[in-house]
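Student:
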Amino acid sequence: MSGFFDIPSDLQHSWAGLIGLHMREALLPVAAGLLLALPLAQVCGRFRWLYPPVLGVTTVLYAIPSLAFFVVLIDYTGQTELTVMIPLALYSLVVLVPAIVDGVRSVPDETLAAATAMGFGPVRRYLQVQLPIAAPAIIAGLRVATASSISLVSVGALIGNQGALGNLLAAAQKYDRPELAVNSVLTMAALAVLCDALLVLLRVLLTPWMPRGGSRRKPAARREELTPEGAVR
Amino acid sequence: MIRIDSVTKRYPDGTVAVDRLSLEIPDRSITVLVGPSGCGKTTTLRMINRMVEPTEGTILLDGEDIQRQPVTTLRRSMGYVIQNAGLFQHRTIVDNIATVPRMLGWGKQRARERAAELMERVGLDTSLAKRYPYQLSGGQQQRVGVARALAADPPVLLMDEPFSAVDPVVRKGLQDELLRIQDELGKTIVFVTHDIDEAITLGTMVAVLREGGRLAQYAPPAELLSTPADGFVEDFLGADRGIRRLSFFPSAPLELTTDAVVPADAPAERIAAVRSPYLLVTDPDGRPLGWAERDRPTAGTIGTIEAIGTGRLLPYGRPFVPGADSLRVALDCAVLSPTGWAVAVDDEGRVTGVVSQQTIGEAIRAAHSAGRAEDEKAAG
Ligand SMILES: Nc1ncnc2c1ncn2[C@@H]1O[C@H](COP(=O)(O)OP(=O)(O)OP(=O)(O)O)[C@@H](O)[C@H]1O
Ligand SMILES: [Mg+2]
């Protein structure tokens with residue numbers, strides 16, 4: 237008798253263990269992607285001509301199937317989590333770089349001029365003015381990157397059970413237990429929704445300064461509303 | 122004093138934004154840079170705090186080249202106010218205002234106290250302190266912008282079209298507030314606008330720039346209106362420059378007539394003695410009630426005006442205060458009056474006399490010729 241949460245022993249993890257593994261494999265790449273995207277976006281902001289080629293490269297990277305990445309990487313990193321996470325980190329760039337660039341660009345010129353005129357140096361201005369104002373756009377990008385990363389981890393199943401919850405899909409076939417596939421899909425969906433909710437909460441906490449629904453007052457300065465769609469195109 | 126010494130700014134694309142401009146900006150007064158769009162006002166202003174570096178020429182602050190000191194030190198000694206205020210949308214009002222003091226290393230408490238003090242100074246209720254910019258009206262945001270620029274008590278204030286994004290009523294309020302603050306604080310203010318009326322209202326000195334960043338005229342506003350240097354300045358001042366110039370002449374010398382002013386309960390003989398076709402009826406305290414027509418049977422025949430009721434009087438319009446208002450205001454009152462006579466009152470609103478359009482016209486001619494004589498004396 238095997239239940240919904242009984243995970244075949246060859247996966248070497250309990251259900252909770254798989255969740256932990258899945259989160260790590262999904263979120264670490266997004267974090268790494270963010271760390272990579274921040275300076276990249278900064279450079280693109282400064283040298284505007286660089287932005288289209290950088291965007292092109294991230295799109296091409298995104299278009300490479302993960303399997304192709306695995307084939308190349310496996311020689312270096314073996315059948316490990318790292319082999320799964322490197323492509324995921326690169327994929328996240330396709331949303332994060334434009335999200336940050338657009339977010340930083342959305343800072344009104346007057347605000348930047350005021351900061352400069354008050355004696356902000358470039359670093360202080362970036363950290364204390366541009367990044368905080370870009371935060372909603374960056375978080376919008378993170379929401380998309382996180383959701384897609386959570387679903388993409390499953391392909392790790394292809395390289396020796398590195399797909400965390402995705403491995404359940406293979407196991408469902410192997411042991412003819414369809415409930416494992418249902419478990420896999422539902423759990424991943426629940427994780428995606430949960431992470432998304434946490435990111436929304438983070439945005440709410442970080443941006444008490446944003447006009448919220450209801451009795452909204454139009455600020456005098458033009459200010460684009462930053463929706464996830466807007467930020468990610 | 123800020124001394125701009127034959128400064129030229131050529132942008133990398135070849136645009137000459139400012140062309141050999143020289144200006145001496147006096148301390149503790151408002152100097153306005155005015156001119157059509159693209160004539161280099163912003164560029165000039167930004168060269169003073171080195172947000173733009175001149176291609177040629179030098180700018181001296183109290184005799185020292187502004188290139189000599191570190192750029193951040195220079196900027197923190199100059200407040201900067203721009204259109205739409207440029208507030209930090211992610212910071213509360215109090216934190217916005219406290220920005221420069223905090224950068225200068227003030228303690229949090231002291232910076233906040235200073236911010237609260239400044240909110241009062243610019244006419245903002247301190248209950249707004251914890252709000253974010255989006256929760257303020259455009260006019261309030263602009264006041265925050267001014268408060269923020271004043272926060273570290275800089276001797277110099279640079280203002281780039283600070284009031285151009287708000288409606289005329291709010292703008293008038295902000296202008297009055299700026300003049301009041303200036304009276305109290307005596308900053309050296311360089312104010313950019315493309316609105317000649319604003320320039321004339323605010324400026325102690327006005328620099329008119331023309332396209333290509335060349336100086337067309339640098340003069341006090343009254344002189345600008347009386348003797349524009351050339352056709353460009355004249356056009357820029359607009360068709361009603363003569364009327365506007367009247368703002369600079371006091372209405373005090375106007376000769377007032379009291380003959381036509383009668384209290385509502387005056388006896389019939391008094392009313393009959395009035396020569397002018399209209400008489401201004403006042404209440405027992407001397408406050409104006411309205412105009413009566415002398416030749417209408419009412420006043421003369423029935424006896425007193427009180428007897429026929431004051432409800433039938435013509436409205437007396439807006440009165441002017443001879444000590445405080447200009448000739449322009451007096452003329453305006455006369456033009457708006459149904460009888461063509463302007464009503465003069467004292468500070469308490471009691472009638473001190475009336476004056477006809479004709480008398481005002483004579484006063485204007487006299488003032489103009491006196492002004493011309495003065496100009497000639499100054500020139501010769
Ligand atoms: N960074 C720049 N690069 C090239 N040209 C510039 C730059 N900034 C301004 N200019 C040009 O220099 C001229 C003067 O610009 P400036 O902004 O000083 O004008 P302004 O008098 O402030 O105009 P406005 O009233 O429209 O604000 C304009 O022709 C403008 O196009
Ligand atoms: Mg300008």
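So the protein sequences, as listed, match chains A and B. Residue 237 is where the first sequence starts when you use this note's numbering, and the numbers rise one by one after that. Residue 122 is where the second sequence starts when you use this note's numbering, and the numbers rise one by one after that. In this text, a Cβ means the ideal position worked out from N, Cα and C, and glycines have one as well.
Does chain B have any CB closer than 8 angstroms to the CB of residue 445 of chain A?
Tutor: Against the first sequence, residue 445 of chain A aligns to sequence position 209. Yes, because at least one Cβ of chain B sits closer than 8 angstroms to the Cβ of residue 445 of chain A.
Student: Return yes when the Cβ of residue 316 of chain A is within less than 8 angstroms of the Cβ of residue 306 of chain A, no when it is not.
Tutor: Position 70 of the first sequence, counted from the first residue, corresponds to residue 306 of chain A. Position 80 of the first sequence, counted from the first residue, corresponds to residue 316 of chain A. Not a contact, by the Cβ cut-off of 8 angstroms.
Student: Output yes if chain A places a C-beta closer than 8 angstroms to the C-beta of residue 221 of chain B; else output no.
Tutor: Indexing the second sequence from 1 puts residue 221 of chain B at position 100. Judged by the 8 angstroms Cβ criterion, residue 221 of chain B is in contact with chain A.
Student: Alpha carbon to alpha carbon, how far is residue 445 of chain B from residue 321 of chain B? Give it in angstroms, no decimals.
Tutor: Taking the first residue of the second sequence as 1, we reach residue 321 of chain B at position 200. Taking the first residue of the second sequence as 1, we reach residue 445 of chain B at position 324. Their Cα atoms are separated by approximately 18 angstroms.
Student: Name the residues in the segment 356-381 of chain A whose C-beta lies less than 9 angstroms from a C-beta of chain B; which are they?
Tutor: The segment 356-381 of chain A vs chain B, Cβ under 9 angstroms: 356, 357, 360, 364, 365, 368, 369 and 371.
Student: Please list the terminal residues of the continuous alpha helix (DSSP H) segment that includes residue 303 of chain B.
Tutor: Along the second sequence, one-based indexing puts residue 303 of chain B at 182. It spans 289-306 - the alpha helix (DSSP H) in which residue 303 of chain B sits, taken as one unbroken run.
Student: Please list, in chain order, all residues of the same chain as residue 186 of chain B whose beta carbon is under 7 angstroms from its beta carbon, the five residues on each side excluded.
Tutor: The sequence position of residue 186 of chain B within the second sequence is 65, counting from 1. Closer than 7 angstroms at the Cβ level, and outside the excluded window around residue 186 of chain B, lie 179.
Student: List the residues of chain A whose Cβ lies closer than 7 angstroms to the Cβ of residue 209 of chain B, in chain order.
Tutor: Sequence index remark: in the second sequence, residue 209 of chain B carries index 88 (1-based). Going along chain A in sequence order, the residues near residue 209 of chain B (Cβ under 7 angstroms) are 347 and 365.
Student: Using the Cα positions of residue 136 of chain B and residue 335 of chain B, report the straight-line distance between them to the nearest angstrom.
Tutor: The sequence position of residue 136 of chain B within the second sequence is 15, counting from 1. The sequence position of residue 335 of chain B within the second sequence is 214, counting from 1. The alpha-carbon atoms of residue 136 of chain B and residue 335 of chain B are separated by roughly 13 angstroms.
Student: Look at the alpha carbon of residue 364 of chain A and the alpha carbon of residue 370 of chain A, and state the distance between them as a whole number of angstroms.
Tutor: In the first sequence, the residue the question calls residue 364 of chain A occupies position 128. In the first sequence, the residue the question calls residue 370 of chain A occupies position 134. Roughly 11 angstroms between the two C-alpha positions.
Student: Check the DSSP bridge columns for residue 409 of chain B and list the partner residues they point to.
Tutor: Walking along the second sequence from the start, residue 409 of chain B turns up at place 288. Note: residue 409 of chain B sits in a beta bridge opposite B:403.
Student: To the nearest whole angstrom, what separates the beta carbons of residue 389 of chain A and residue 399 of chain A, a pair I think is in contact under 8 angstroms?
Tutor: Taking the first sequence and counting its residues from 1, the one referred to as residue 389 of chain A is at position 153. Taking the first sequence and counting its residues from 1, the one referred to as residue 399 of chain A is at position 163. The Cβ separation is near 6 angstroms, so the contact holds.
Student: With distances taken Cα to Cα, identify the nearest neighbour of residue 181 of chain A among A:444, A:302, A:447 and A:427.
Tutor: This structure cannot speak to residue 181 of chain A, because chain A is shown only from 237 to 469.
Student: Alpha carbon to alpha carbon, what distance is there between residue 348 of chain A and residue 236 of chain B?
Tutor: Indexing the second sequence from 1 puts residue 236 of chain B at position 115. Indexing the first sequence from 1 puts residue 348 of chain A at position 112. Roughly 21 angstroms between the two C-alpha positions.
Student: Would you say residue 193 of chain B lies against chain A (beta-carbon separation less than 8 angstroms)?
Tutor: Taking the first residue of the second sequence as position 1, residue 193 of chain B is located at position 72. Yes, residue 193 of chain B lies at the interface with chain A (some Cβ there is under 8 angstroms from its Cβ).
Student: What does DSSP give as the partner residues of residue 123 of chain B in its beta bridges?
Tutor: Position 2 of the second sequence, counted from the start, is the residue given in the question as residue 123 of chain B. Looking at the DSSP assignment, residue 123 of chain B forms a beta bridge with B:146 and B:182.
Student: Residue 282 of chain B: beta carbon under 7 angstroms from a heavy atom of ligand 2?
Tutor: As a working note, residue 282 of chain B is residue 161 in the second sequence. Flag set: Cβ of residue 282 of chain B near ligand 2.
Student: I'd like the list of long-range same chain contacts for residue 396 of chain B, defined as Cβ closer than 8 angstroms, with 5 residues on each side in sequence excluded.
Tutor: Position 275 of the second sequence holds residue 396 of chain B. So the list reads 380 and 381, once near-sequence residues are dropped.
Student: Let me see if you follow: with CB-CB separation under 8 angstroms, is residue 352 of chain A close to chain B or not?
Tutor: Walking along the first sequence from the start, residue 352 of chain A turns up at place 116. Taking Cβ atoms only, chain B reaches closer than 8 angstroms to residue 352 of chain A, which makes this a yes.
Student: Comparing C-alpha positions only, which one of B:251, B:494 and B:308 sits nearest to residue 267 of chain B?
Tutor: Taking the second sequence and counting its residues from 1, one reaches residue 267 of chain B at position 146. Among B:251, B:494 and B:308, the Cα nearest to that of residue 267 of chain B belongs to B:308.
Student: Whole angstroms is fine: what's the gap from residue 71 of chain B's alpha carbon to residue 354 of chain B's?
Tutor: An answer regarding residue 71 of chain B cannot be provided, because it is not within the stretch 122 to 501 covered by chain B.
Student: Is residue 130 of chain B buried or exposed, if buried means 16 or more other CB atoms sit within 10 Å of its CB?
Tutor: Sequence index remark: in the second sequence, residue 130 of chain B carries index 9 (1-based). Residue 130 of chain B is buried by the Cβ-count criterion.
Student: Just the Cα atoms here: how many angstroms apart are residue 368 of chain A and residue 374 of chain A?
Tutor: Residue 368 of chain A sits at position 132 when you count from the first residue of the first sequence. Residue 374 of chain A sits at position 138 when you count from the first residue of the first sequence. Going from the Cα of residue 368 of chain A to the Cα of residue 374 of chain A covers about 10 angstroms.
Student: Pick helix, strand or coil for residue 369 of chain B, following the three-state DSSP scheme.
Tutor: Locating residue 369 of chain B in the second sequence gives position 248, where the first residue counts as 1. If DSSP states are grouped into helix, strand and coil, residue 369 of chain B belongs with the helices.
Student: Quick check: does the Cβ of residue 156 of chain B come within less than 7 angstroms of any heavy atom belonging to ligand 1?
Tutor: Locating residue 156 of chain B in the second sequence gives position 35, counting from the first residue. Yes, the beta carbon of residue 156 of chain B sits closer than 7 angstroms to at least one heavy atom of ligand 1.
Student: Please specify which runs of the alpha helix (DSSP H), each continuous and at least 4 residues long, are wholly inside the segment 236-290 of chain B, giving them in chain order.
Tutor: Qualifying alpha helix (DSSP H) stretches, in chain order: 259-271.
Student: Three-state secondary structure (DSSP) at residue 342 of chain A?
Tutor: For the purposes of this step, residue 342 of chain A is taken as residue 106 along the first sequence, with counting starting at 1. Correct three-state label for residue 342 of chain A: coil.
Student: Tell me the DSSP bridge mates of residue 479 of chain B?
Tutor: Taking the first residue of the second sequence as position 1, residue 479 of chain B is located at position 358. None; residue 479 of chain B has no bridge partner.
Student: Between the C-alpha atoms of residue 457 of chain A and residue 205 of chain B, what's the straight-line distance to the nearest angstrom?
Tutor: For the purposes of this step, residue 457 of chain A is identified with residue 221 of the first sequence, where counting begins at 1. For the purposes of this step, residue 205 of chain B is identified with residue 84 of the second sequence, where counting begins at 1. Confidence at residue 457 of chain A is low in this model, with a pLDDT of 39, below 50, so the placement of that residue is unreliable and no value is reported for it.
Student: Where residue 420 of chain B and residue 439 of chain B are concerned, what is the direct C-alpha to C-alpha distance, given to the nearest angstrom?
Tutor: Position 299 of the second sequence, counted from the start, is the residue given in the question as residue 420 of chain B. Position 318 of the second sequence, counted from the start, is the residue given in the question as residue 439 of chain B. At residue 420 of chain B the pLDDT is 46, less than 50, meaning the model places this residue with poor confidence; the figure from the coordinates comes in the next sentence. One C-alpha to the other measures close to 24 angstroms.
Student: What does the alpha-carbon distance come out to for the pair residue 327 of chain B and residue 319 of chain B?
Tutor: Indexing the second sequence from 1 puts residue 327 of chain B at position 206. Indexing the second sequence from 1 puts residue 319 of chain B at position 198. Straight-line Cα distance between these residues: approximately 10 angstroms.
Student: Is the Cβ of residue 253 of chain B closer than 8 angstroms to any Cβ of chain A?
Tutor: As a position in the second sequence, residue 253 of chain B is number 132, starting the count at 1. Yes, residue 253 of chain B counts as interfacial toward chain A.
Student: Which residues in chain A sit within 8 angstroms of residue 190 of chain B, going by Cβ to Cβ distance?
Tutor: Locating residue 190 of chain B in the second sequence gives position 69, where the first residue counts as 1. Ordered by position in chain A, no residue passes the 8 angstroms Cβ test against residue 190 of chain B, which lies about 12 angstroms from the chain.
Student: State the Cα-Cα distance for the pair residue 254 of chain A and residue 404 of chain A, rounded to the nearest angstrom.
Tutor: As a first step, residue 254 of chain A must be located in the first sequence, where it is residue number 18. As a first step, residue 404 of chain A must be located in the first sequence, where it is residue number 168. Distance between the alpha carbons of residue 254 of chain A and residue 404 of chain A: 9 angstroms.
Student: Do three or more CB pairs link the segment 286-299 of chain A to the segment 259-272 of chain A at distances below 8 angstroms?
Tutor: Contact fails: fewer than three Cβ-Cβ distances are below 8 angstroms.
Student: Contact criterion: CB-CB distance below 8 angstroms. Does residue 437 of chain B meet it with respect to chain A?
Tutor: Residue 437 of chain B sits at position 316 when you count from the first residue of the second sequence. By this cut-off, residue 437 of chain B is not an interface position.
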